[in-house]
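Sequential numbering from 453 applies to the sequence shown in this note's numbering. Positions of the beta carbon are idealized from the N, C-alpha and C atoms, including for glycine. Presented below is the structure to which this report refers.
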Amino acid sequence: MEVLRNRYAPVGRERKSYGDRCGAAKPAIGARWLAAGFFVLWMLAIPRAMLAKDADCLSCHADKTMQDASGKNVGVDATAFHSSIHGSLACSDCHASIHEYPHPDHPAAVECATCHADQAKGLKGSVHAKASAHPCASCHGDAHAIFAKDDVRSAVYPLNIPRTCGTCHGDHLLAKKYGLQNVYSAYMDSIHGYAVSKEGLLVAANCMSCHGSHHILGHNDPKSPTYKTNIPNTCGTCHGGVEDQYLGGVHGKAVASGDLKAPVCTDCHTAHAILQPTMASFRMQSTPICGSCHQGRFATYGDTFHSQLGLLGGYVQTARCWDCHGAHEILPASDPRSPVAPANLIETCGKCHADANASFVQYQPHANPRDRRLNPALYYIRLFMNLLLWSVLGFFALHTLLWFLRSRREQAKNGHAGEAKHD
Ligand code: HEC
Ligand code: HEC
Ligand code: HEC
Ligand code: HEC
Ligand code: HEC
Ligand code: HEC
Ligand code: HEC
Ligand code: HEC
Ligand code: HEC
Ligand code: HEC
Ligand code: HEC
Numbered sequence: 453m454e455v456l457r458n459r460y461a462p463v464g465r466e467r468k469s470y471g472d473r474c475g476a477a478k479p480a481i482g483a484r485w486l487a488a489g490f491f492v493l494w495m496l497a498i499p500r501a502m503l504a505k506d507a508d509c510l511s512c513h514a515d516k517t518m519q520d521a522s523g524k525n526v527g528v529d530a531t532a533f534h535s536s537i538h539g540s541l542a543c544s545d546c547h548a549s550i551h552e553y554p555h556p557d558h559p560a561a562v563e564c565a566t567c568h569a570d571q572a573k574g575l576k577g578s579v580h581a582k583a584s585a586h587p588c589a590s591c592h593g594d595a596h597a598i599f600a601k602d603d604v605r606s607a608v609y610p611l612n613i614p615r616t617c618g619t620c621h622g623d624h625l626l627a628k629k630y631g632l633q634n635v636y637s638a639y640m641d642s643i644h645g646y647a648v649s650k651e652g653l654l655v656a657a658n659c660m661s662c663h664g665s666h667h668i669l670g671h672n673d674p675k676s677p678t679y680k681t682n683i684p685n686t687c688g689t690c691h692g693g694v695e696d697q698y699l700g701g702v703h704g705k706a707v708a709s710g711d712l713k714a715p716v717c718t719d720c721h722t723a724h725a726i727l728q729p730t731m732a733s734f735r736m737q738s739t740p741i742c743g744s745c746h747q748g749r750f751a752t753y754g755d756t757f758h759s760q761l762g763l764l765g766g767y768v769q770t771a772r773c774w775d776c777h778g779a780h781e782i783l784p785a786s787d788p789r790s791p792v793a794p795a796n797l798i799e800t801c802g803k804c805h806a807d808a809n810a811s812f813v814q815y816q817p818h819a820n821p822r823d824r825r826l827n828p829a830l831y832y833i834r835l836f837m838n839l840l841l842w843s844v845l846g847f848f849a850l851h852t853l854l855w856f857l858r859s860r861r862e863q864a865k866n867g868h869a870g871e872a873k874h875d
């Protein structure tokens, strides 16, 4: 090794100090002879100036504090490299343009694609195609310490993926620059983020579960797993049971037939800020979500005792849309399987009203007194009450007006009489 170092100690370049350092240690006389012998052998045996073995490069680069002329660190952690998945490769397998020393100060960039063509091809057509730093290292981390994806030290080990993607997608400036949402913090607070980061649950959704790894596409691309119509399938890879229910309901059928106005999983649950549905905050925020599409039904629900109670101090146990309609297999009221079909109401209301009977369920959860066809009794009651109200108000208004006119006339009369007195 000594031989190599001396042989390649650069002279008269800015690297000089480095070369000096390599040759600085003074070996004993015997060792010098031995070294000279090796040197001659090496000169004879090896084609000139071939640098191949890791050790050759590491004789200089193993110094972790080594810097190039511009002050950039060019040291390599040899221990980490040898324990990495590429530990058995030679440096020049990746640094394919370096075969001899002196080598160029700025050798050609490493092409991972020569060995990993599929991943490189996927990346090329993705949203990350324009990455400025080394495109692969931006997710895989230090190029000399890459580990298998199922190794806990890997930057793409399932539990580490959110942090890896989060180095960019948790960055406010980057989000602003590209007009993206800053999704990382929302994700970390979600049920999935909690399961991954706090419970270490490998089967919970990390960024890759929904977006893929190399061929990541924007959500407006119909081929993306996050494109609206593909979302049920994306979530369904883990939530298979819920997906089946959803596909059997009106919303699922509508989306499957291409109606983009109907909701998919993320319209009700969001994509990154998914809450546990039993949480009070979910129950409070989701009623208006159903209501954002079903405005009429939301308004009539708003008039009922259930809703008023829900608003009052945030009482959460009261009936929300899905307590009566179900959440995923939602069906029209005319479908006998619907929980709000007339025959099922006793059971549905009975979940909370133990004494619910046929007359109790006559109560209209969406009573709309303005709709004569749907709610004739209410309609006429409202009409009668309105007539009564307006006729009483009208009578008093007329009465007051006449009273006023008369009092003006009286005043005017008395006024003139007063003036006359003064004169
Ligand atoms: C005798 C010492 C020595 C040996 C041996 C050596 N290098 Fe270097 N290498 C350097 C120095 C010094 C620099 C900094 C160059 C500069 O100042 O710009 C450097 C820089 C580099 C760079 C960084 C260039 C950049 O863009 O910043 C790479 C990559 C590199 N070497 C790879 C290798 C490989 C691979 C080998 C083995 C095949 C090797 N080196 C062998 C001394 C050495
Ligand atoms: C798996 C491929 C791979 C192997 C094997 C590899 N490197 Fe690198 N190396 C890279 C990549 C990628 C970079 C980032 C710069 C680039 O794109 O060229 C890099 C950068 C460097 C740099 C510049 C400093 C830095 O960290 O950015 C040095 C020096 C270097 N490598 C030395 C070595 C040495 C010495 C070995 C052998 C012990 C080695 N490399 C093995 C991929 C590799
Ligand atoms: C946007 C982040 C990202 C970028 C950029 C990226 N990768 Fe990956 N890579 C991942 C993730 C995440 C995995 C884990 C895949 C899995 O667990 O199935 C992975 C896994 C791999 C694997 C293991 C085999 C496989 O496909 O599962 C290889 C090999 C790989 N990447 C190579 C590359 C190369 C080469 C590049 C550059 C061309 C690159 N990666 C760029 C995120 C990335
Ligand atoms: C000279 C060929 C070669 C080059 C160049 C190369 N790799 Fe590899 N890579 C391999 C081999 C061989 C393996 C081990 C495959 C295995 O064990 O399944 C591997 C494994 C990997 C793995 C782990 C795969 C897994 O199953 O989890 C990743 C990630 C990876 N490489 C990324 C990269 C990146 C990023 C680069 C560029 C910086 C790169 N590789 C450059 C040959 C190469
Ligand atoms: C449970 C599935 C899921 C997980 C987990 C997930 N995403 Fe998303 N992501 C989506 C969906 C679906 C969209 C489509 C747009 C939407 O509904 O907000 C999206 C959109 C995005 C967008 C684009 C936002 C925009 O402004 O257009 C980015 C960036 C993103 N995700 C990054 C991430 C990162 C980083 C992680 C991990 C920290 C992650 N996602 C985890 C499903 C997921
Ligand atoms: C090195 C920084 C970086 C890393 C790491 C990174 N991204 Fe990105 N990502 C970006 C940038 C920048 C964009 C915007 C690209 C553009 O619009 O040109 C982007 C765009 C996206 C988009 C598309 C948003 C849209 O709908 O247009 C998604 C989805 C996404 N990234 C997910 C991920 C996931 C998942 C990971 C981890 C596996 C990840 N990113 C890792 C920088 C990064
Ligand atoms: C990689 C598998 C996976 C994917 C993909 C996935 N999830 Fe999950 N999800 C889980 C796991 C595992 C849990 C349980 C976490 C826990 O209980 O700690 C969970 C929990 C949930 C919960 C809370 C359930 C409860 O009873 O508390 C909801 C809601 C949810 N996911 C919705 C979604 C939606 C919506 C999507 C798609 C946008 C999705 N998930 C994609 C694995 C996944
Ligand atoms: C129309 C709104 C809506 C849509 C669309 C929707 N969900 Fe839900 N989801 C809910 C509501 C509301 C709950 C709470 C149910 C409860 O507490 O009884 C829920 C509950 C859940 C739960 C907890 C377990 C359970 O069944 O109570 C999971 C997991 C879940 N949804 C996943 C999904 C997935 C995956 C999709 C897409 C295939 C989806 N949801 C589509 C509104 C929706
Ligand atoms: C993104 C908008 C959207 C959201 C959010 C939404 N829906 Fe719907 N809903 C629709 C559309 C569109 C239809 C009509 C589907 C069809 O073509 O039959 C529908 C149909 C229905 C039907 C059947 C009505 C009929 O006339 O057949 C019921 C009941 C229903 N939704 C209840 C709910 C409940 C409960 C929620 C919240 C848990 C909810 N919806 C959330 C858009 C939405
Ligand atoms: C207390 C139980 C209950 C609650 C809470 C409830 N509904 Fe209903 N909903 C019903 C019943 C019963 C019907 C059928 C009678 C009717 O049309 O008024 C119905 C009918 C509907 C219909 C029409 C279905 C069809 O096939 O014509 C829609 C849409 C609807 N509800 C949406 C909602 C939304 C959105 C919410 C929450 C804002 C909600 N419901 C809250 C019980 C309820
Ligand atoms: C998720 C539970 C839940 C469901 C399902 C539910 N309710 Fe209620 N309801 C409540 C709560 C809580 C109150 C207020 C406390 C009370 O008075 O019992 C209430 C109050 C009422 C009231 C006024 C007070 C009373 O008890 O007379 C009526 C009427 C009513 N509900 C009718 C219905 C009808 C009809 C259905 C079925 C279509 C239904 N509810 C389904 C929880 C529910």
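(message) With a threshold of 6 Å on Cβ separation, who are the neighbours of Y636 within its own chain once the five nearest residues in sequence on each side are excluded?
(response) G618, H621 and G622
(message) In whole angstroms, give me the CA-to-CA distance for T616 and C591.
(response) 6 Å
(request) Return the residue from the list L653, K573, F533 and K576 that minimises the CA-CA distance to H596. (result) F533
(request) Using 10 angstroms around the beta-carbon of D807, count the other beta-carbons present and answer buried if the total reaches 16, otherwise exposed. (result) exposed
(message) Would you say the beta carbon of I668 is closer than 7 Å to some non-hydrogen atom of ligand 6?
(response) Under cutoff, so the answer is yes.
(request) Tell me whether N685 sits in a helix, a strand or coil according to DSSP, three-state version. (result) helix
(message) By alpha-carbon positions, which one of G762, H851 and H644 ends up nearest to T722?
(response) H644
(request) Please check the pair C441 and S709, which I expect to be a contact at CB under 8 Å, by giving their CB distance rounded to whole angstroms. (result) Outside the displayed range of the chain (453 to 875) lies residue 441, so it cannot be described from this structure.
(message) What does the alpha-carbon distance come out to for the pair L443 and H724?
(response) Since the first residue of the chain shown is 453 and the last is 875, residue 443 is not available in this structure.
(message) Tell me whether the region 661–677 and the region 751–761 touch, counting them as touching only if at least three CB pairs, one residue from each stretch, are closer than 8 Å.
(response) no
(message) When you compare the CB positions of V526 and H513, do they come within less than 8 Å of one another, or not?
(response) yes
(message) Taking only three categories from DSSP, how would you classify S859?
(response) helix
(message) Just to confirm the assignment, what range does the alpha helix (DSSP H) spanning I798 have?
(response) Counting along the chain, the alpha helix (DSSP H) containing I798 begins and ends at L797 to G802.
(request) Enumerate in chain order the residues of its own chain whose CB-to-CB distance from P556 is below 8 Å, with the five nearest sequence positions on each side excluded. (result) Answer for P556: S549 and I550, listed in chain order.
(request) Please state whether DSSP places D633 in a helix, a strand or coil. (result) Reading off the sequence, residue 633 comes out as Gln, not Asp. In the structure shown, Q633 adopts coil according to DSSP, grouped into three states.
(request) Note down the Cα distance separating L653 from N809, rounded to an integer number of angstroms. (result) 45 Å
(message) Is any non-hydrogen atom of ligand 2 found closer than 7 Å to the C-beta of A595, if you look at the structure I gave you?
(response) A595: yes, Cβ under 7 Å from ligand 2.
(request) Return helix, strand or coil for N866, following the three-state DSSP convention. (result) helix
(message) Please determine whether the Cβ atom of D775 lies at a distance below 7 Å from any heavy atom of ligand 10.
(response) yes
(request) Tell me whether M660 counts as near ligand 6, meaning its Cβ is closer than 7 Å to at least one heavy atom of that ligand. (result) Under cutoff, so the answer is yes.
(request) Note the first and the last residue of the continuous alpha helix (DSSP H) segment covering V694. (result) G692 to G700
(message) Can you find the residues in the same chain that come closer than 6 Å, C-beta to C-beta, to F734, ignoring five residues on each side of it along the sequence?
(response) L727
(request) Could you tell me which of P817, G523, K629 and D775 sits nearest to R749, measuring between CA atoms? (result) P817
(request) Say yes only if the C-beta of G645 is nearer than 7 Å to one or more non-hydrogen atoms of ligand 8, and no if none qualify. (result) It does not: the Cβ of G645 is nowhere closer than 7 Å to a heavy atom of ligand 8.
(message) Any heavy atom of ligand 5 closer than 7 Å to the beta-carbon of Y639?
(response) yes
(request) For Q519, write down the residues that DSSP places opposite it in a beta bridge. (result) N525
(message) Give me the residue from R789, G701, S649 and Y639 with the minimum Cα distance to C432.
(response) The shown model of the chain, from 453 to 875, leaves out residue 432, and the question about it has no answer.
(message) Please state whether the Cβ-Cβ distance between S578 and I668 is less than 8 Å.
(response) yes
(request) For M731, name the three-state secondary structure that DSSP assigns. (result) coil
(request) Run the CB neighbour count on N866, radius 10 Å, all protein chains shown included, and call it buried at 16 or more, exposed below. (result) exposed
(request) Check the C-beta distance from E910 over to G701 and give it rounded, since I have them as a contact under 8 Å. (result) Residue 910 lies beyond the residue range present for the chain, which begins at 453 and ends at 875; the question has no answer from this structure.
(message) So, with DSSP's three-state summary, where would you put K713?
(response) coil
(request) Examine ligand 3 and report whether any of its heavy atoms sits within less than 7 Å of the Cβ of P677. (result) no
(message) Nearer than 7 Å: is that true of the beta carbon of A725 relative to any heavy atom of ligand 9?
(response) no
(request) Measure the C-alpha to C-alpha separation of P740 and F836 and round it to an integer number of angstroms. (result) One C-alpha to the other measures close to 32 Å.
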